[in-house]
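Protein chains in written order, with our numbering: chain A, -15 to 282; chain B, 36 to 378. Reviewing the structure listed below.
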Amino acid sequence: MGMNSVLLIGAENLAERLEAYKRLLPAESIAILKPEGAEEGRNTFLGVPVAHEWPDASGGIADIAGDCAARAVTARRALESGCRALIHPPFGDSYANAEAILAAAGGAMRVALPVHYTHKYESAAQSARAGIGDTITVRNIRVFPPAQAWQQSLFQLVESLILLGGPLQRIYARAAALKSSDTDTVFCNGRYVNSAIFYGEMSAAYPSNYSKEVIEITGREGMVEYDSNARSFWMASESGIALAEAYHRTPYEKMADAYLRSWEAEAESALGLPDPLPALRAYWAAMESIERNEVVAI
Amino acid sequence: MSATRTMNIGAISFDHGHQNGYVSALLELPSAQLVAAADPIPAQLDRMHAMLAAHPEAPAVKVFSDYHELLELDEVEAVSICSANADHAQMTIDAAHAGKHVLCEKPLSITLEEADAMIAACREAGVYLGTAYPCRFAPVAWQAKQRVDNGEIGDILAMHGTNHLRPFTEGWFIDPQRSGGGTIRDHIVHVTDLMRWFTGKEVVEVYAEGDTLKRPHIAVDDVAILVEEFEGGIIASTDPSWNRPENWSKWGNVYLRLLGSRGMIEFEITGQALVRTESKSGAISSIDTSESMNYYLLKDFCEAIIAGRSPLVTGEDGRAGVEAILAAYQSIEVGRPIRLRDG
């Protein structure tokens, strides 16, 4: 999937996506289709032109986020207008539907999998493979301020779990709307195909001045661990006042870096890219588990 | 509150190494005095004798191989029981019948029927039953509880906790007949109790995954992860696994993160340690400085009984932990969430 121009659609992580494309393409090759929530009449976003109607972008790439339920329709339109589509998951209304959408598009549609290109995840997975024996447990916690649809955060959670431990065998997930009218938190656990146990947690319900990311892989002969805020005690309040702090924050890896690396990989090779289907299958299994409050086989 | 007198304590069984921690606390505590100890295996008393040797001012401790003889001593007012789990019920009931107050090591029992019998025996004998959940008494947990009770983070909405351990459990710990199970039996009780204490709510539903993966040769589970619901729709999760590497920097951890409607708190009880690194020899030694929670556990137990009130952690709290353990094992057996009560 070569890249000579890009049309960005959807407000999710838009600044980070844009920053990545700016490093790859000349500014005149980048456009944004009016982001949801953008002020009417606004003609630029971070210096990039904002189109209010679908522009002529044939031959380029449509980078599609936005409302998860509408992404497949947007992708179809992009393909019909001569663009290739890079779609941010989840999309479609079931695993079968998502698989069919991808199959119908052939090589003209790719799925963005930025977690695969996030150094700490990639490094944790490689490090575990290099010398801690068979994996026995994986724990991944992703507590971030809201920047994308909760469904996208859940997808990235299962994508992370698969990257860290392999294909999933079954999943149990509980969702809750703790601080908003829509779901903002999901806890899940289950098994990998190799019998290892996993725990996943995503939440956008914490105070805006708090975030936490845990990547932990334990094996028969060792362990790989990452905690974004290793410390003994922490308290944050919704008022934005830190009441107690006794740690040194690990510098955040910029999301734009992961996008950039993933798009570089897309641009350079049609071969050897991560397969999105296992994560899509696991995502829809998690959604089914949430709906039925049952364990769902994958 | 300060004690007005000292309480005479007997230590029954050193099967669980926590008894040594309690003995250490008793030797420091003004409101308590260790007067007797019982264990059929003399070697299990070696550490106690070493601690007593370092405290020449402490009164002589009478030593027995049979705990029934200890229970016959009039001067013993209360006992600390740290046997293998399978013996907790009989020892507690015997102690109650002998008129002794009981601090029983966690988990309180193997079955709920045993827990009920222990609670009933103590009630009928007019003695107090406490469960040894020292984590409530860790200074950092205490501070967090005060902040939650002051309303500083609002209502608790979600929780995640861990109680990890290096794989050094041996002997009766990995004998299912004596322990009643592995990492689930041994470790979810601390986190579950902290969650119950912070929220004042009971566990409603449990879905558990558990297996024997770190040490496949042992006969009990050694890894597990639970997703739980508490009353009021609070969602929670617990990782109690014995999955740390043998050379991990700490023996384990007890960690809790609470999300409230107006803020959050997270803390690690075992986070404080004094570490010495020697360049020349390459030796690293670490002293856990979190031991004071044992001191405050015993302090509360003794002062409560002297004052004629129940200890902070009761037999009923111990029973709730057993209920969660059994729900987790049942969930693993049937492969679905187990509903314990209406939410």
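Backbone N, C-alpha and C define an ideal beta-carbon position, used for all residues, glycine too.
Is it right to say residue i is buried, meaning 16 or more other beta carbons lie within 10 angstroms of its own, or is it exposed?
i: B:Ile76; result: exposed
i: A:Arg1; result: buried
i: A:Gly31; result: exposed
i: A:Thr202; result: buried
i: A:Ser165; result: exposed
i: B:Glu274; result: The residue asked about is misnamed: residue 274 of chain B is Asp in this sequence, not Glu. Under this definition B:Asp274 is a buried residue.
i: B:His123; result: buried
i: B:Thr305; result: buried
i: B:Gln212; result: exposed
i: B:Gly215; result: buried
i: B:Leu200; result: buried
i: B:Phe203; result: exposed
i: B:Val369; result: exposed
i: A:Pro235; result: For A:Pro235, the pLDDT reaches just 37, beneath the cut-off of 50, and the residue's location in the model is therefore unreliable, although a value from the coordinates is still provided. It is exposed - the Cβ of A:Pro235 has fewer than 16 other Cβ atoms within 10 Å.
i: B:Asp184; result: exposed
i: A:Val57; result: exposed
Could you spell out where the alpha helix (DSSP H) holding residue i opens and where it closes?
i: B:Ser33; result: Residue 33 of chain B is absent from the structure shown; chain B starts at 36 and stops at 378.
i: A:Phe139; result: Trp134 to Gly149
i: B:Ile223; result: Thr218 to Thr234
i: B:Cys337; result: Ser327 to Ala342
i: B:Asn55; result: His53 to Glu63
i: B:Cys157; result: Leu147 to Ala160
i: A:Arg276; result: Leu261 to Arg276
i: A:Glu252; result: Met239 to Glu252
i: A:Tyr183; result: No alpha helix (DSSP H) contains A:Tyr183, which is instead part of the beta strand (DSSP E) from Ile181 to Ser187.
i: B:Arg354; result: Gly350 to Val369
i: B:Tyr102; result: Tyr102 to Leu106
Where does residue i sit, in a helix, a strand or coil, going by DSSP?
i: B:Ala113; result: strand
i: B:Leu294; result: strand
i: B:His136; result: strand
i: B:Cys170; result: helix
i: B:Asn282; result: coil
i: B:Thr204; result: coil
i: A:Tyr210; result: strand
i: B:Ala124; result: helix
i: A:Ala(-5); result: coil
i: B:Asp81; result: helix
i: A:Arg26; result: coil
i: B:Tyr163; result: coil
i: A:Ala11; result: helix
i: B:Ile260; result: strand
i: A:Ala5; result: Looking at the sequence shown, residue 5 of chain A is not Ala but Tyr. In the structure shown, A:Tyr5 sits in a helix (DSSP, three-state: H, G or I).
i: B:Gly378; result: coil
From the options, pick the residue whose C-alpha is nearest to that of residue i; which is it?
i: B:Val258; options: B:Met230, B:Leu293, B:Gly217 and B:Val239; result: B:Gly217
i: B:Arg292; options: B:Thr197, B:Glu351 and B:Ala339; result: B:Thr197
i: A:Glu252; options: A:Asn(-3), A:Pro262, A:Arg265 and A:Leu8; result: A:Leu8
i: A:Ala188; options: A:Val177, A:Cys67, A:Glu209 and A:Ala160; result: A:Ala160
i: B:Glu159; options: B:Glu301, B:Arg40, B:Lys141 and B:Lys135; result: B:Lys135
i: B:Tyr290; options: B:Leu333, B:Gly165, B:Glu92 and B:Val226; result: B:Val226
i: A:Leu257; options: A:Ile199, A:Arg68, A:Leu97 and A:Asn27; result: A:Leu97
i: B:Met86; options: B:Glu110, B:Val357 and B:Leu61; result: B:Leu61
i: A:Gly90; options: A:Arg68, A:Gly76 and A:Ser212; result: A:Arg68
i: A:Val177; options: A:Tyr190, A:Ile155 and A:Glu185; result: A:Ile155
i: A:Gln153; options: A:Pro262, A:Pro10, A:Met271 and A:Glu12; result: A:Pro262
i: A:Arg158; options: A:Ala108, A:Ala114 and A:Thr169; result: A:Thr169
i: A:Pro33; options: A:Gly43, A:Leu264 and A:Ser(-11); result: A:Ser(-11)
i: B:Asp377; options: B:Tyr163, B:Glu358, B:Glu240 and B:Ala93; result: B:Glu240
i: B:Pro346; options: B:Ala113, B:Gly52 and B:His90; result: B:Ala113
i: A:Gly(-6); options: A:Gly76, A:Gly50 and A:Gly117; result: A:Gly50
i: A:Thr119; options: B:Ile367, B:Leu147 and B:Asp246; result: B:Asp246
i: A:Ala109; options: A:Glu(-4), A:Pro74 and A:Glu209; result: A:Glu209
Taking the beta strand (DSSP E) that residue i belongs to, which residues open and close that run?
i: B:Ala193; result: Ile191 to Thr197
i: B:Glu244; result: Val238 to Asp246
i: B:Asp274; result: Ile269 to Asp274
i: B:Leu143; result: No beta strand (DSSP E) contains B:Leu143, which DSSP labels as neither H nor E.
i: A:Phe171; result: Thr169 to Tyr176
i: B:Phe99; result: Lys97 to Phe99
i: A:Glu205; result: A:Glu205 -> no beta strand (DSSP E), and no H or E assigned at all.
i: A:Ala160; result: Leu152 to Ala160
i: A:Leu70; result: Arg68 to Ile71
From the beta carbon of residue i, is the nearest beta carbon of chain E less than 8 Å away?
i: A:Val279; result: Within the model displayed, chain E is absent; protein chains A and B are what it includes.
Residue i: beta carbon under 7 Å from a heavy atom of the ligand GTP?
i: A:Thr167; result: The ligand GTP is absent from the structure shown, which contains no ligands of any kind.
Please go through the segment 78 to 124 of chain A and give each complete alpha helix (DSSP H) segment of 4 or more residues, from N-terminal end onward.
79 to 89 and 103 to 115
What are the uninterrupted segments assigned as beta strand (DSSP E) that are 3 or more residues long and contained completely in the segment 28 to 57 of chain A, given in chain order?
32 to 35 and 45 to 48
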